[in-house]
Ligand code: FAD
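The following block contains the structure:
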C-alpha cells in the first residue's frame, strides 16, 4: 500500500507529490490526465518567478518535476469511490473506474474543477459542434465567424476580449443586470469595436442546422421579450464545478460541492486531505492550488508520523 495516495494530477496534486516524495514517503498519483486545467490554458503570466509560460509547457514541466522523484504515476485512470479506514491510522481504499483498488494510509484529494454547463436545449447536442468551453483552445476554430460568450464574469469577459481578436463579432450575454467582471476588463471590452453586450439576458436555447450551431435565443429579463442572434459558436463561461460528485457523503462538502478543508488541508475524514480547486479554498489559481497541495502534503506527513498503524 501507499503511504500517501494523491487523486488528481493538476498543480495541487503535483505539488503535493513533490513534497511527500521529498519526505521519503511512498507516494502515488492517480489521475485522468496530468496537468489538469493547465492543459486548457494558453498563457500563464501570474506564477511568481515565471514571467511567462504556456499551459502545455507548464503542464509538461509539472510532470517532469514529479518524475524527478520516486512517485508512482497512474494516469488515464479515474477514481470512482473513497472508502475511509475502519480504524484510525488504518488503510483507506480508493476504487478505480476500471474496477481496480488501491490502498493508502493517507489520501490527498486534488481533483480540481471543470466548466459549468448552462443547461439549455442545444448545449449537449452541439457540444464540439459549435458549443465550446475553452476560448484559448477552440477560439481559433471560429476565425472570421460570429460567436457568443455566455457569462459576464472575469472568465467570460477575458474570453470575449480574447475572441474579439480572432473572430468577426462577439455577442456577450450576462444573466444579471451588471457584468461581474473586474472594471478594468469591462473597460477593455467596451473599447472593442466588434463586441455587443446584452446584460439582464437569459439564454434560452442554442439552435442548430445541419448538425452545427446556427444561433442562440435569449430573453431580455427586463421586459420579457425574446430575441435571437445568428452565429456559429457559443462559448459557455459561467464558472466551474468541483470534480467531487464521486465522493458522495464520505467527506463533508459545501453546498457548491467543494470539499470542506481547514487551514491545514484536513477534511472531515482522518487521514484524508484535500487541496486546490476541488476545495472551499477561496481563489482558484495555479499558485493557490500549488500552495494548498504542499500544505496538504505536509499535513499528511504530520498525520503519518503521529498516527500509528493499528
Ligand atoms: P485541476 O487543474 O483541475 O486538476 C485536477 C486533475 O484531477 C485533473 O487532471 C483531472 O483530470 C483529475 N481528476 C478529476 N477527477 C478525477 C477522478 N475522479 N479521478 C482521477 N482524476 C481526476 N490559473 C492561474 O493561476 N493563472 C492563469 O493564467 C490561469 N488561466 C486559466 C485558464 C483557463 C482556461 C482555465 C480553465 C483555468 C485557468 N487558471 C489559471 C486556473 C488554474 O488552471 C486552476 O486553478 C488550477 O489548475 C487548479 O489546480 P488543481 O490541481 O486544483 O485542479
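Residue numbers (our numbering): 5 to 314. For glycine and all other residues, C-beta sits at the position ideal for the given N, C-alpha and C.
Is residue i helix, strand or coil when you go by DSSP?
{"i": "residue 206", "result": "strand"}
{"i": "residue 276", "result": "strand"}
{"i": "residue 246", "result": "strand"}
{"i": "residue 86", "result": "strand"}
{"i": "residue 107", "result": "strand"}
{"i": "residue 6", "result": "strand"}
{"i": "residue 152", "result": "strand"}
{"i": "residue 179", "result": "coil"}
{"i": "residue 300", "result": "helix"}
{"i": "residue 213", "result": "strand"}
{"i": "residue 71", "result": "helix"}
{"i": "residue 174", "result": "strand"}
{"i": "residue 292", "result": "helix"}
{"i": "residue 255", "result": "coil"}
{"i": "residue 136", "result": "strand"}
{"i": "residue 199", "result": "strand"}
{"i": "residue 305", "result": "helix"}
{"i": "residue 261", "result": "coil"}
{"i": "residue 226", "result": "coil"}
{"i": "residue 51", "result": "strand"}
{"i": "residue 42", "result": "helix"}
{"i": "residue 219", "result": "strand"}
{"i": "residue 59", "result": "helix"}
Please return the same chain residues whose Cβ sits closer than 7 Å to the Cβ of residue i, not counting the five positions on each side in sequence.
{"i": "residue 300", "result": "20, 112, 269, 277, 278, 279"}
{"i": "residue 250", "result": "83, 84, 85"}
{"i": "residue 118", "result": "244, 245, 247"}
{"i": "residue 24", "result": "8, 31, 301, 304, 305"}
{"i": "residue 273", "result": "88, 254, 255"}
{"i": "residue 293", "result": "14, 15, 16, 279, 280, 281"}
{"i": "residue 199", "result": "164, 168, 174, 176, 193"}
{"i": "residue 258", "result": "264, 284"}
Can you name the start and end residues of the beta strand (DSSP E) that residue i belongs to?
{"i": "residue 235", "result": "Counting along the chain, residue 235 falls outside any beta strand (DSSP E), and DSSP gives it neither H nor E."}
{"i": "residue 124", "result": "Looking at the DSSP string, residue 124 is not in any beta strand (DSSP E), and its letter there is neither H nor E."}
{"i": "residue 190", "result": "Looking at the DSSP string, residue 190 is not in any beta strand (DSSP E); the run it does join, the alpha helix (DSSP H), is 187-194."}
{"i": "residue 268", "result": "Note, residue 268: premise wrong, no beta strand (DSSP E); not H, not E."}
{"i": "residue 97", "result": "96-100"}
{"i": "residue 117", "result": "117-119"}
Apart from the five residues on each side of it in sequence, which residues of its chain come closer than 6 Å, Cβ to Cβ, to residue i?
{"i": "residue 178", "result": "156, 203"}
{"i": "residue 221", "result": "208, 209, 232"}
{"i": "residue 107", "result": "5, 95, 97"}
{"i": "residue 298", "result": "19, 23"}
{"i": "residue 196", "result": "168"}
Using C-beta distances below 8 Å, list every residue in its chain close to residue i, excluding the 5 sequence neighbours before and after it, in chain order.
{"i": "residue 151", "result": "167, 171, 173, 174, 175, 235, 236, 237, 238, 239"}
{"i": "residue 189", "result": "158, 161, 162, 165"}
{"i": "residue 184", "result": "156, 157, 158, 178"}
{"i": "residue 105", "result": "97, 98, 99"}
{"i": "residue 37", "result": "13, 43, 79, 80"}
Compute the minimum distance between the beta carbon of residue i and the heavy atoms of the ligand GDP, and state whether it is under 7 Å.
{"i": "residue 36", "result": "Looking for the ligand GDP in the displayed structure turns up nothing; the ligands present are the ligand FAD."}
Start and end of the alpha helix (DSSP H) containing residue i?
{"i": "residue 313", "result": "Here residue 313 belongs to no alpha helix (DSSP H), and DSSP marks it neither H nor E."}
{"i": "residue 140", "result": "139-142"}
{"i": "residue 36", "result": "Unbroken run through residue 36 is the beta strand (DSSP E), 31-38; no alpha helix (DSSP H)."}
{"i": "residue 166", "result": "158-168"}
{"i": "residue 21", "result": "15-26"}
From the beta carbon of residue i, is the nearest beta carbon of chain B less than 8 Å away?
{"i": "residue 25", "result": "The displayed structure is made up of one protein chain only, and chain B is not part of it."}
Compute the distance between the beta-carbons of residue i and residue j, then report whether it is under 8 Å.
{"i": "residue 63", "j": "residue 39", "result": "yes"}
{"i": "residue 47", "j": "residue 58", "result": "yes"}
{"i": "residue 93", "j": "residue 12", "result": "no"}
{"i": "residue 219", "j": "residue 229", "result": "no"}
{"i": "residue 242", "j": "residue 154", "result": "yes"}
{"i": "residue 217", "j": "residue 130", "result": "yes"}
{"i": "residue 133", "j": "residue 215", "result": "yes"}
{"i": "residue 109", "j": "residue 308", "result": "yes"}
{"i": "residue 101", "j": "residue 81", "result": "yes"}
{"i": "residue 290", "j": "residue 70", "result": "no"}
{"i": "residue 296", "j": "residue 283", "result": "yes"}
{"i": "residue 91", "j": "residue 314", "result": "yes"}
{"i": "residue 141", "j": "residue 44", "result": "yes"}
Tell me whether the region 75-88 and the region 49-61 touch, counting them as touching only if at least three CB pairs, one residue from each stretch, are closer than 8 Å. no
Take every Cβ of the region 119-131, pair it with every Cβ of the region 201-217, and state whether three or more of those distances are shorter than 8 Å. yes
Evaluate contact between the region 261-268 and the region 123-142, counting only Cβ atoms and requiring at least three cross-stretch pairs below 8 Å. no
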